[in-house]
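Input: a single structure, listed below in structure tokens.
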């Protein structure tokens, strides 16, 4: 027995040594591999770009959840403003109003055999939260420009995409540029409330015309500075997929009564326990798809302690998955998330409510589904007293994953790096829903990327207080849109 144990120990030692050699070798060979790109000369930016964006910010095209608050005149004013400040665009491109308030532009290419490309943005913005107006450094709809920034609602989300794209087209028209493939510009008016009357209708128009698209580019990832701790290079996060969306309502009805004679379980207690079970029994994490592609691309840029993990996923995948699932930002990238957002019950402090209602919002990982989420909720809640159903105006399945090896992804990557050569480009899973989902059957290359450079603190400004965009960052975005139009429209 002693001899056998020694042989086993010796064999185990050999296996561990071989395992260590494999891990070290794979880590040593793990490097950031990307083809070289020659930077282009910095394109001149027409004067007034910041002022034109600021002018659009001053027009309060707000999307409200209550459609009765919709301000149609603001959208008409923005349409007129765009006509005034981009005269070449409106003289050379065909503009159509879709759903009355959304805009579709067509820039006809010289080769009709090539599939068109489509660049997207949205005209609407979210409201300023009531009561926070005094906390803004600048008027949210003042469109003030200081030495460094353009301030106001929509500076980032998403008038910078709309105006930035139009700036690029206007500049190219001034240079007598003519695209080989047809270019569409699609600007919805209701993205912030689901896009049903904007982007969905534009997609329906194109579908009805038999259009198939080579490329769709919508908002999504950005050029992030310091978004991944340990990586010093700015990372252009190109969304190759987006999560789905579903809100699930839980409700229960029981006998009410006076609070002095409470039963063993109340409506609030029953529903609270169900919500607690859902919070502690999330759907399982998975490290795959767009998230795996992101870390495979940027993994070699991490310090050695993290690099060894991504270089050896054949061994470390369970550990990496657990680590990513511990922080909210990365947890959202590896699982379908569970977020209780509404809880309603009771009207008076001495009355037992007869009903209680809660809404749980799920952001659905590719590979999961709306039906799967509802099934998960029913299984975890496991209480016949609780009714489970889909809530809200819409739900959305997660998107397909577009290939980061396609010619169009590589074209987009090169266009970014020609303008911003210090940038690392990586695939990314967008954890919110975008209007791009309405075009999923019209293209195999659906990417989500807003070419502005942001730091982690800037992300809180989107939909938050003190939204602003750096003037230089906006000019870089215009240059990237311009370069992409040159590169992608001629492939």
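In the numbering used here, the protein residues as written are -6 to 484. Glycine included, every Cβ here is placed at the ideal spot set by N, Cα and C. Fair warning: this is a prediction, and the values are worked out from it, not measured in the lab.
Residue range of the unbroken alpha helix (DSSP H) whose run includes residue i
| i | result |
| --- | --- |
| residue 72 | 65 to 78 |
| residue 451 | 449 to 452 |
| residue 312 | 306 to 317 |
| residue 38 | Premise fails: residue 38 is in no alpha helix (DSSP H) and is neither H nor E. |
| residue 265 | 260 to 273 |
| residue 196 | 192 to 201 |
| residue 30 | From DSSP, residue 30 is part of no alpha helix (DSSP H); its letter is neither H nor E. |
| residue 89 | Segment 87 to 91 is the beta strand (DSSP E) holding residue 89; no alpha helix (DSSP H) there. |
| residue 282 | 282 to 291 |
Euclidean distance between Cα positions of residue i and residue j
| i | j | result |
| --- | --- | --- |
| residue 217 | residue 447 | 5 Å |
| residue 18 | residue 308 | 14 Å |
| residue 103 | residue 243 | 55 Å |
| residue 195 | residue 115 | 12 Å |
| residue 476 | residue 184 | 26 Å |
| residue 212 | residue 237 | 16 Å |
| residue 219 | residue 451 | 11 Å |
| residue 313 | residue 280 | 8 Å |
| residue 45 | residue 144 | 12 Å |
| residue 397 | residue 288 | 13 Å |
| residue 202 | residue 89 | 14 Å |
| residue 327 | residue 252 | 44 Å |
| residue 365 | residue 239 | 11 Å |
| residue 66 | residue 181 | 16 Å |
| residue 149 | residue 346 | 44 Å |
| residue 40 | residue 141 | 16 Å |
| residue 261 | residue 241 | 17 Å |
| residue 225 | residue 329 | 29 Å |
Residues that residue i bridges to, as DSSP identifies them
| i | result |
| --- | --- |
| residue 179 | 97, 113 |
| residue 331 | 355 |
| residue 208 | 110 |
| residue 251 | 344 |
| residue 232 | 421, 441 |
| residue 244 | 350, 380 |
| residue 361 | 359 |
| residue 142 | 463 |
| residue 55 | 118 |
Coarse secondary structure for residue i, derived from DSSP in three states
| i | result |
| --- | --- |
| residue 382 | strand |
| residue 426 | coil |
| residue 25 | coil |
| residue 148 | coil |
| residue 167 | helix |
| residue 120 | coil |
| residue 215 | strand |
| residue 224 | coil |
| residue 480 | helix |
| residue 300 | helix |
| residue 472 | helix |
| residue 50 | helix |
| residue 409 | helix |
| residue 388 | strand |
| residue 134 | coil |
| residue 189 | coil |
| residue 237 | strand |
| residue 279 | coil |
| residue 446 | strand |
| residue 433 | coil |
| residue 455 | coil |
| residue 158 | helix |
| residue 20 | helix |
| residue 102 | coil |
| residue 500 | This structure leaves residue 500 out entirely; the chain is present only between -6 and 484. |
| residue 393 | coil |
Segment limits, beta strand (DSSP E) that includes residue i
| i | result |
| --- | --- |
| residue 398 | No beta strand (DSSP E) contains residue 398, which DSSP labels as neither H nor E. |
| residue 339 | Note, residue 339: premise wrong, no beta strand (DSSP E); not H, not E. |
| residue 462 | 461 to 463 |
| residue 320 | Run containing residue 320: none; DSSP gives neither H nor E here. |
heavy atom of the ligand PLP below 8 Å from residue i C-beta
| i | result |
| --- | --- |
| residue 59 | As far as ligands go, the structure on display features none, and thus does not contain the ligand PLP. |
Minimum Cβ-Cβ distance from residue i to chain B less than 9 Å
| i | result |
| --- | --- |
| residue 183 | Of the protein chains in this structure there is only one, and it is not chain B. |
Within the chosen definition, does the stretch 121 to 138 reach the stretch 48 to 66 through at least 3 CB pairs nearer than 8 Å? yes
Contact between the stretch 123 to 131 and the stretch 181 to 198 (3+ Cβ pairs under 8 Å): no
With three or more beta-carbon pairs closer than 8 Å as the criterion, would you say the stretch 70 to 80 touches the stretch 42 to 50? yes
Closer than 8 Å is the cut-off here; do at least three beta carbon pairs connect the stretch 294 to 303 with the stretch 351 to 367? no
Touching by the beta-carbon criterion (3+ pairs, under 8 Å), the stretch 389 to 402 and the stretch 424 to 439: yes
Given 8 Å as the limit, is there contact between the stretch 232 to 246 and the stretch 412 to 422, that is, 3 or more CB pairs closer than that? yes
Does the count of Cβ pairs from the stretch 453 to 468 and the stretch 267 to 274 closer than 8 Å reach three? no
Using a Cβ distance threshold of 8 Å, determine whether the stretch 465 to 474 contacts the stretch 151 to 163, with at least three qualifying pairs required. yes
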